[in-house]
Amino acid sequence: MERGGYRGGGRGGHGGRNSGGRRGGYGGGRDGGRGGGYDGGRGGSESGRGGVGGVWATRGGHSSGGGTPGQSVVGGNPGQSVGGVWATRGGHSSGGGGGTPAQSVVGGTPGQSVGGVWATRGGHSSGGGGAGGVWATRGGHSGGTPAQSAGGVWATRGGHSGGTPAQSAGGVWATRGGHGGGGGGSQSERQGERGRDQVSETKGGKGPSRPGNVGSNSNDDLVPSPSMPKGLASISLDNVNRISPVQRPDTGGQLAVRTPRLLVNHFPVNFSPKSIIRHYDVDIKQEVPPKHGRSGKISKSILTMIRDKLFTDDPSRFPLAKTAYDGEKNIFSAVPLPTGTFTVEVSEAEDMNPRSYLFTIKLVNELQLRKLKDYLDGTLCSVPRDILQGMDVVVKEHPARTMISVGRGFHYVRAHQDYLGHGIIASKGCQQSLKPTSQGLVLCLDYSVLSFRQPVSVIEFLTEHISGFKLNNFRRFRRDVEIALRGLKVRVTHRVTKQKYVIAGLTRDDTRNITFSQEDPDGNASQNVRLVEYFRQKYGRDIVNQDIPCLEMKSKMRNYVPMEYCVLVEGQVFPKDDLKKEEAQMLKDISLVKPKDRQKTICSMVRDVDGPFGGEIIRNFGMEVSMDMTPVEGRVIRPPELKVGAPNGSVMKIHVDERCQWNLVRKGVVEGKPIDRWAVLDFSSDDRYCPLNANNFIPKLIDRCLKLGIRMEEPLFYNPTSMRLFSNVDKLRELLETVNDQAYKICKGRLQFLLCVMSKKDPGYKYLKWISETKVGIVTQCCLSLSANKVNDQYLANLGLKINAKLGGSNAELGDRLPYFGDQNHVMFIGADVNHPAARNITSPSIAAVVGTTNWPAANRYAARVRPQVHRRENIVNFGDMCLELVEFYSRLNKVKPEKIVIFRDGVSEGQFDMVLNDELMDIKTAFRSINYTPTITLIVAQKRHHTRLFLADRGAIGNVSPGTVVDTKIVHPFEYDFYICSHFGSLGTSKPTHYHVLWDEHGLGSDQLQKLIYDMCFTFARCTKPVSLVPPVYYADLVAYRGRLYYEAVEGQSSSSSSSSSSKTSSSLSVAASFEERFCMLHADLENIMYFV
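Under the UniProt record's numbering, the residues of the sequence shown are numbered 1 to 1094, in order.
Okay, here's the thing in structure tokens:
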């Protein structure tokens, strides 16, 4: 096609939102620039000359002496092997003369075995005359005379040692998963010295040593990994095969180019270890069940009202200021409270008789804060979550009484609010959470903004919220009114007690025509009463607006209230996704405050008497929150050199600027994919205001790609069409199939990609992606005509980067490749995420996505797998299968399987780490073992949903912390292996660092090594020329999961449009996920192994 032959005219184009963002989106925005488009051991304990113990986690005990494997599992005679199975409370015995199973558990004569205390159930015995060490207080096995076993201390070295040096030097439990003992040498010697031989001590004196998790590649290596203080494994006697996160290997710091002083929004919480918080269970129920049907669930507001009534009526026995209530079943108290059942009468409304409730309170636990102190000091093996939960309720009690409570956040009532328009306000407040950290217990408090409905009269809200709304033309707006009001809480103004209700809908009749049957108090026959007359007689109120419907309230009996007597209750969140464009932008501007302003706001909230730390409740529990942020020393890592394309077609190395950004002026991509077969589908061609100027845009795009090193031929054809096709799925699919066939006829091959130009953002975008990527098999790149017509050089360059990445090209690579792995062994990086439906959706499936690198050593190309699963299920059901598919594709492509795998998992909280380790990691190991594949694995969780913020401490310092800033002291976990990295340059608002938590590490990566690896990888994100805030495998997994969400919405949208009268919507989330999976067409074979999602 000759240049100049495209459809011309117009001014418009394709702008872009969030090109580098985490949701695909139109181009531009965070992390993405302006360009772009829409878019253990080898099994148990091994000792002795022939005794090979069974698998620790699944088979039981430890053997010593000369027993066979079968004997070591089941038990044996003296001189052969240990009896007793670990999982069922059995003990350990060793050496000749070892006792029978019963003897090894409870002890025996000195000539046999004397069991130490095994958490009150048994012990470990060693040799003749061995005296067992006390497991419970320090852990550890000691036993026997020096001639038989030298008792190693479990707690300080994480292992078992036994016997003279001729027998065994204590094998390292933590690094090799085994116990040394008997005459066969130590376990660590037998398994080989890969990595650290001993558990390395942490610097600074505080905290435990950390297991290296270095060892065999076998899946059976997943023995209980000690990750708690002083080497204690976090295992229970009933469930010994649970593994737990690894510990911090060192303090790092060797790669820092500078060490800025920082302040962190962690406020230390001091408490007395002698304090006791009493935990009471509360059961509240109505004394006399209601006449009509079963008693429903009592609302939180009524429960709180009942608690307040009981406590204020008897303050000497129930001191309100010394208690905290979670609004449901739990009360925590600083002093003993009476227990038993109490009758409480409350009147919920002025025209209702008081109701009697039975308030039953019983003591269920006494929380000794000493245990939390022990955990923070490193002498308790597991976090006392019950204590943290109780203290969390305590610190939330005051703000819960004085502020609007939403989730973990609190927002001011009336003060600190901005009007967004349309009856919506932005309310400022805070998010807070208690965290055990290396410096002790802290309260993390961050600035927050939420959109709320303005607490005005219902009629005023409708007038503000619905454009053009008029009471005298109510019928026209009835549907909009029902959508706007359904489910909202209102309080009535015609009663003294301001009763609250939830709106169910609108009455069918107008107010003047509503009648209801009223019972006669004298027992006469009931009679029909007009609502208008009832209000006049009962309340002395005249209803002015009689020609509009009333509000119908959720109630067991019919309850109608005129709109003019209803006001919206304060604190009702307005969903951010439902905000109009202008409102959303205003909310964003209020939220994105500069670092110094955010720091000042947080500190002022901390000191506010009406804020989260006000009142006397916290002090009554013996707690005190510091008013000062935590000072900490950060480290800045040097950015990597990068490889990009040179003007002559070669590859050159460059250094990035102080913002860690680079431009593409006289630079290009490392490897550009030649583009011979592509076409343009112009949906903007009939748009009155902004049709694509194809004669200008297409030649400029071709020229810009050529300068980048991407040879792009003229498009095979230009096909003008209309945006109206987005509303008709069948016609859109027909169009895409026609375009595909047209390309075949012209070039006898498939299109490499299809450029789709749109005049505006449209919901039909999801149909375009679903059809092209699952049905037809075409890579699409969308753009808006408004941006395309501007032919901005940076925009065109970013568009070229996205196209090149989608087709398998390489945009930028690390100059020295990824650190610490070398080139000889292939390494694969995997990212995983789960996308959940919106909170209001109770049936849609969750979408799990897994991506993996396909090249080495550049490691910057990815393949993806996506699957639906049960609604809001966080663990990835098919994790192992998806990883195995990616490994097998890697093998086909590179003729070798990766020997090392690093997995980054997104979207899980600390409470879900056990699930990730013991379910997902095990699933992956099992899948790999099915093909006799045993790579070493490191598993890291990447968290962005936290509220830790870093601020420069020096006076006069402005802006955000520098890219490459790392913090791994004071504000991190007391013992486990975690750190914060701010890898991006924050130009808007306050930068949020990513929190990385290492759960499993078979590569022995030190802090410096891993932090540098992650930071360098952030420079390889394909669609922008700067480092991103999140390691790319997770970033890509998030994009893929969101794309799967679009597929689901497309499938659902198509089904609902084709059958408007569908079956009941009460089907379970399981059946919804199952039915979706049947219709959820997997990616087209031509797309599943390329980066279609960038």
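Beta carbons: idealized from backbone N, C-alpha and C, even for Gly. Computed from a predicted model, the values in this text were never measured in an experiment.
Can you tell which of the options has the C-alpha that lies nearest to the C-alpha of residue i?
i	options	result
Asn841	Val866, Arg1045, Leu784, Thr926	Arg1045
Arg688	Ser759, Trp678, Ile710	Ser759
Asp628	Asn918, Gly649, Lys600	Lys600
Ser382	His416, Val481, Ser244, Phe318	Ser244
Met652	Asp392, Asn811, Gly749, Leu462	Asn811
Leu367	Leu358, Ala321, Asp418, Pro273	Pro273
Leu441	Ala1041, Glu397, Met391	Met391
Val941	Thr780, Met915, Phe318	Met915
Val896	Val902, Phe904, Asp250, Val887	Val887
Asp509	Val502, Gln518, Cys550	Cys550
Pro1033	Lys992, Ile702, Ile1014	Ile1014
Phe879	Thr926, Ser909, Ala858, Pro898	Thr926
Ala797	Arg638, Leu255, Phe697	Phe697
Leu485	Thr497, Ile514, Asn473, Pro455	Pro455
residue 1101	Ala584, Tyr534, Phe410, Glu582	The requested residue 1101 is not part of the displayed model; the chain covers only 1 to 1094.
Leu579	Gln499, Gly611, Gly423	Gly423
Pro612	Cys444, Lys707, Leu363	Cys444
Gln247	Asp968, His946, Leu921	Asp968
Arg733	Ser846, Thr721, Tyr767, Ile302	Tyr767
Leu784	Gln1009, Asn513, Gln546, Leu681	Leu681
Phe904	Arg892, Met712, Thr938	Thr938
Met305	Met1091, Arg355, Tyr933, Arg558	Arg355
What residue does the beta strand (DSSP E) around residue i start on, and which one ends it?
i	result
Glu616	No beta strand (DSSP E) holds Glu616; DSSP gives it neither H nor E.
Leu443	440 to 453
Val406	404 to 406
Gly986	Run containing Gly986: none; DSSP gives neither H nor E here.
Would you list the one or two residues that DSSP bridges to residue i?
i	result
Arg258	Val636
Val902	Phe829, Thr938
Val264	Thr630, Leu950
Lys285	Leu358
Phe516	Val529
Phe332	His279, Ala324
Pro720	Asp682
Leu642	Ile654, Leu814
Classify residue i as helix, strand or coil using the three-state DSSP reduction.
i	result
Ser785	helix
Gln499	coil
Ala57	With a pLDDT of 35 at Ala57, under the threshold of 50, the modelled position of this residue cannot be trusted; read the value that follows with caution. If DSSP states are grouped into helix, strand and coil, Ala57 belongs with the helices.
Glu482	helix
Arg1023	coil
Pro436	strand
Met623	strand
Ile971	coil
Asn860	coil
Gly50	Interpretation of Gly50 is limited by its pLDDT of 37, a score under 50 that renders its predicted location unreliable; the figure taken from the coordinates is listed afterwards. In the structure shown, Gly50 sits in coil (DSSP, three-state: anything other than H, G, I, E or B).
Arg677	coil
Ser427	strand
Met1091	coil
Pro837	coil
Glu366	strand
Cys756	strand
May I ask which residues mark the beginning and end of the alpha helix (DSSP H) holding residue i?
i	result
Cys883	879 to 894
Below 8 Å, how does it come out for the stretch 587 to 597 and the stretch 357 to 374: are there three or more Cβ pairs, yes or no?
Taking one beta carbon from each stretch, the stretch 587 to 597 and the stretch 357 to 374 have fewer than 3 pairs nearer than 8 Å; the two do not touch.
At least three beta-carbon pairs within less than 8 Å, the stretch 957 to 965 to the stretch 839 to 854:
In short, these stretches do not touch, since the Cβ pair count stays below three.
Touching by the beta-carbon criterion (3+ pairs, under 8 Å), the stretch 459 to 470 and the stretch 996 to 1008:
The stretch 459 to 470 vs the stretch 996 to 1008: no contact.
Specify whether the stretch 421 to 432 and the stretch 538 to 549 touch according to this definition: at least 3 beta carbon pairs, one from each stretch, less than 8 Å apart.
The answer is no - the stretch 538 to 549 does not touch the stretch 421 to 432, with fewer than three Cβ pairs under 8 Å.
Is it a yes or a no for the stretch 1081 to 1090 touching the stretch 763 to 777, going by three-plus beta-carbon pairs under 8 Å?
The stretch 1081 to 1090 vs the stretch 763 to 777: in contact.
Should the stretch 820 to 827 be called in touch with the stretch 1022 to 1032, which here means at least 3 C-beta pairs below 8 Å?
Verdict: no, contact absent.
Taking contact to mean 3 or more Cβ pairs, one atom from each stretch, closer than 8 Å, check whether the stretch 1004 to 1018 and the stretch 1046 to 1054 are in contact.
At 8 Å Cβ cutoff, the stretches do not touch.
Quick check: the stretch 659 to 676 against the stretch 788 to 804, are at least 3 beta-carbon pairs closer than 8 Å?
Yes, the stretch 788 to 804 is in contact with the stretch 659 to 676.
Do three or more CB pairs link the stretch 700 to 719 to the stretch 732 to 748 at distances below 8 Å?
Because the criterion of three Cβ pairs below 8 Å is met, the stretch 700 to 719 and the stretch 732 to 748 touch.
Counting pairs of beta carbons, one from the stretch 556 to 572 and one from the stretch 495 to 512, are three or more of them closer than 8 Å?
Contact holds: three or more Cβ-Cβ distances are below 8 Å.
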